[in-house]
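K.L.:
Dropping the structure in here first, questions after.
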Amino acid sequence: MSRSTNKPAVEGAKSFLDQFKYETANELGIANYNQIDKGQLTSRENGYVGGYMVRKMIQYAEQNMGNEMNQPPQQ
0 MSRSTNKPAV EGAKSFLDQF KYETANELGI ANYNQIDKGQ LTSRENGYVG GYMVRKMIQY
60 AEQNMGNEMN QPPQQ
């Protein structure tokens, strides 16, 4: 049973965000994150996954902002 009350801002983004979370955990060396009881992980381990996800999302946004800022305005 999931107790999370967090809802994605975009309808249908939940599965993408879940997959992103599992891929991020795998990159950090936490294997089978989707099957692990998160209560058995330390707060540091769980927080590291979330923090790294945020860092990657900010990096993606900054890269895309740079692309948009270098394009001429649309009329």
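Going by numbering that gives the first Met the number 0, the sequence shown opens with residue 0, and the numbers climb by one from there. Cβ coordinates follow ideal geometry from the N, Cα and C atoms, glycine included. Quick caveat, the model's predicted, so the values are computed rather than measured.
Could you give the DSSP three-state label for Glu-10: helix, strand or coil?
P.N.:
coil
K.L.:
Which residues in the same chain as Tyr-32 place their Cβ atom closer than 6 Å to its Cβ, once the five residues preceding and following it in sequence are excluded?
P.N.:
Counting only Cβ-Cβ distances below 6 Å, and skipping sequence neighbours, we find Tyr-21 and Ala-24.
K.L.:
Quick check: what's the CA-CA separation for Ala-60 versus Arg-54?
P.N.:
10 Å
K.L.:
On a CA-only basis, which of Gln-62, Met-52 and Asn-63 is nearest Phe-15? Give me that one, please.
P.N.:
Met-52
K.L.:
Can you tell me the Cα-Cα spacing of Gly-49 and Ala-8, whole angstroms?
P.N.:
17 Å
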